[in-house]
Structures are given as structure tokens and as C-alpha cells.
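Residue numbers (full-length UniProt numbering): 1 to 260.
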């Protein structure tokens, strides 16, 4: 009921109150406070599965871009691939109803910070001269029988194989304002990451995956078809899937390079 001393709202005011205000509020929340992101694909197997949804605190990203704090090695980041990589790799471009193309968001683990020296030999990663114990993911791929230790991607910090986006380098120093990322899927074709697309820019990072929130339960075990590059079977008990995504403990052993 409209009070007699208050004029009836105009059509524009009704449009704002009933439609535009909720949309504006939702945009502010998802862009500056927090959002949920769905995992698409198997590049973060076995730790993240296709279709899982992760919680992303967006305020962290804005603080980091403003110079307050920094992402940590071992964090899982959501980001857009470099433009030069998207230009050379067709599946790093998506079409919006045929009207325009855009770079889709990827999700990978942060391995190297600006200034870090990265080298990879036989599938083993070394950061600033310290070997990174990656058994939290490579143990799984050994069990599946498809841990990649032989390919160019398993023996170079960056490799021109497949797309020629980057040069072949045994060791790579992460430039200022960029990050070196890798997928947890360590099969030969399991992840398109910094080994083949180069480092990602800080400004292209949308946020850090802080926790898995959906589905609530998941099967305890998953087997992988190495030849097909897909999940073969889920099995075992249903277990609670709500979990924080903290960096694996071996990242604590890595040292920051000394600036001359």
C-alpha cells in the first residue's frame, strides 16, 4: 500500500528496485567478495575432479593486485591464459554464440612466484635449486601407470612441443608480475600449463580456489584410463567432499631466491 504522503514510484524506479538492484548486488558480490567456480576437465586430477565447484574469495585477489599480500606456492589459481598462448592454441579460445571469442578461465596449481627458477627433469620439479616432493600427486599417477617422465614436457621448464608458443628451456626464471603454474595431472597430455603456454600474468588471475563445496559427497576412489585421457571408474565408499584446498606440505620446504 502506497502512503498518501509519498509519490508512487516511477517505472524506472520499479525497474531498478525489482530487477537491476539485485543484479548489481550480485555482480558486486561475485566480483569483489566471493564466488563459486566449476572445475571443467581432468587437468587437476586426482585432487579436483570434473564438475566439482570451488569457493573463491575474490577480495584476496583485489588486495594482492593492490600490493597487499601475495598468493603462495601450492595455491590453486583460476586465471585466463596468456593472450599469445590463446592466439596459438585453438582450445584456449571460446566462442560466445559466434559473436565474439574470449579466453576461458583455467585452473592450475601455482608452482613458481616472480623470480623463482624452475627446472623439470624426468617429471620431477625443482624450484630455486630445491627438488619439490610432488608425491602428493605423482604417487597417484604412478599407481595408474601413466606418470609422464619421458616427454619433452616432463624434461623442460618450457617446451615448444605441440604449439610452439614458448621456447625450449631446461630452466626458466619467472618474470616479475607473473606466475608459473602446472596442473596436478602429470600424464603426457594431462594439462596445458606454463610448460607449454608460458607464465601467467598476475592481472589475469581471478582468484584462489580456497575450498571444495560441491558435491557434498564423492566416491573415495577413481581410476584413470591413461590411453583415453579420461576417468575410467569411480568406486568405494561415499566420503565427505567438503575440504579446504591448502598447499601440500612439501611447498613449505622451498626457498625464496636471494636477490643480488
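Ideal Cβ placement from N, Cα and C applies to all residues, glycine included.
Keep in mind that this is a model prediction, so the values were computed, not measured.
Proximity below 8 Å, CB of residue 37 to CB of residue 209: Within the chain shown, the letter at position 37 stands for residue 37. Within the chain shown, the letter at position 209 stands for residue 209. Between residue 37 and residue 209, the C-beta spacing is below 8 Å.
DSSP three-state assignment for residue 216, whether helix, strand or coil: Here residue 216 refers to the residue found at position 216 when the chain shown is read from its first residue. Coil.
Exposure label - residue 26; buried when at least 16 CB within 10 Å: By one-based count along the chain shown, residue 26 stands at place 26. Low local confidence applies: a pLDDT of 42 at residue 26 is under 50, so the model's placement there is unreliable, with the coordinate-based value given in what follows. Exposed.
Residue 250 (DSSP reduced to helix, strand or coil): Within the chain shown, residue 250 is the residue found at index 250, counting from 1. Here DSSP, grouped into helix, strand and coil, assigns residue 250 to helix.
Span separating the alpha-carbon of residue 160 from that of residue 88: Indexing the chain shown from 1 puts residue 160 at position 160. Indexing the chain shown from 1 puts residue 88 at position 88. Whole-angstrom Cα-Cα distance: 11 Å.
Distance, residue 222 Cα to residue 185 Cα: Here residue 185 corresponds to residue number 185 of the chain shown, with the count starting at 1. Here residue 222 corresponds to residue number 222 of the chain shown, with the count starting at 1. In this structure, the alpha-carbon of residue 185 lies about 13 Å from that of residue 222.
Cβ shell of residue 85 (< 7 Å), same chain only, five flanking positions each side left out: Taking the chain shown and counting its residues from 1, the one referred to as residue 85 is at position 85. 92, 165, 197 and 198.
First and last residue of the uninterrupted beta strand (DSSP E) at residue 85: Position 85 of the chain shown holds residue 85. Looking at the DSSP string, residue 85 is not in any beta strand (DSSP E); the run it does join, the alpha helix (DSSP H), is 83-88.
Backbone CA spacing between residue 107 and residue 134 [nearest angstrom]: Counted from its first residue, the chain shown places residue 107 at position 107. Counted from its first residue, the chain shown places residue 134 at position 134. Rounded to whole angstroms, residue 107 to residue 134 spans 18 Å at the Cα level.
Cβ neighbour criterion (16 or more within 10 Å) applied to residue 254: Your numbering for residue 254 matches position 254 in the chain shown. By the beta-carbon neighbour count (other beta carbons within 10 angstroms, threshold 16), residue 254 is buried.
Which residues DSSP lists as bridging residue 184, in chain order: Residue mapping note: residue 184 aligns to position 184 of the chain shown, counting from 1. Note: residue 184 sits in no beta bridge, so no partner.
Residues that DSSP places opposite residue 205 in a beta bridge: As a first step, residue 205 must be located in the chain shown, where it is residue number 205. Answer is 79, bridged to residue 205.
Sub-8 Å separation of residue 71 and residue 132 beta-carbons: The sequence position of residue 71 within the chain shown is 71, counting from 1. The sequence position of residue 132 within the chain shown is 132, counting from 1. Cβ distance not < 8 Å, so residue 71 and residue 132 don't count as in contact.
Opening and closing residue of the alpha helix (DSSP H) in which residue 195 lies: Residue 195 sits at position 195 when you count from the first residue of the chain shown. From DSSP, the alpha helix (DSSP H) with residue 195 extends over 194-197.
According to DSSP, residues forming a beta bridge with residue 106: As a working mapping, residue 106 is identified with position 106 in the chain shown. DSSP output for residue 106 lists 79 as bridge partner(s).
Residue 205 vs residue 101 beta-carbon contact at 8 Å: Reading the chain shown from its first residue, position 205 is the one you call residue 205. Reading the chain shown from its first residue, position 101 is the one you call residue 101. No, the Cβ-Cβ distance between residue 205 and residue 101 is not below 8 Å.
Buried/exposed call for residue 104, threshold 16 Cβ in 10 Å: Counted from its first residue, the chain shown places residue 104 at position 104. By the Cβ-count criterion, residue 104 is exposed, with fewer than 16 other Cβ atoms from all chains shown falling within 10 Å of its own Cβ.
According to DSSP, residues forming a beta bridge with residue 211: Here residue 211 is taken as the residue at index 211 of the chain shown, counted from 1. For residue 211, the pairing in a beta bridge is given by DSSP as 55 and 244.
Sequence-distant residues of its chain with Cβ nearer than 6 Å to residue 194 (five each side left out): Residue mapping note: residue 194 aligns to position 194 of the chain shown, counting from 1. Within its own chain, the residues whose Cβ lies closer than 6 Å to the Cβ of residue 194, once the five positions on either side in sequence are excluded, are 180 and 181, listed in chain order.
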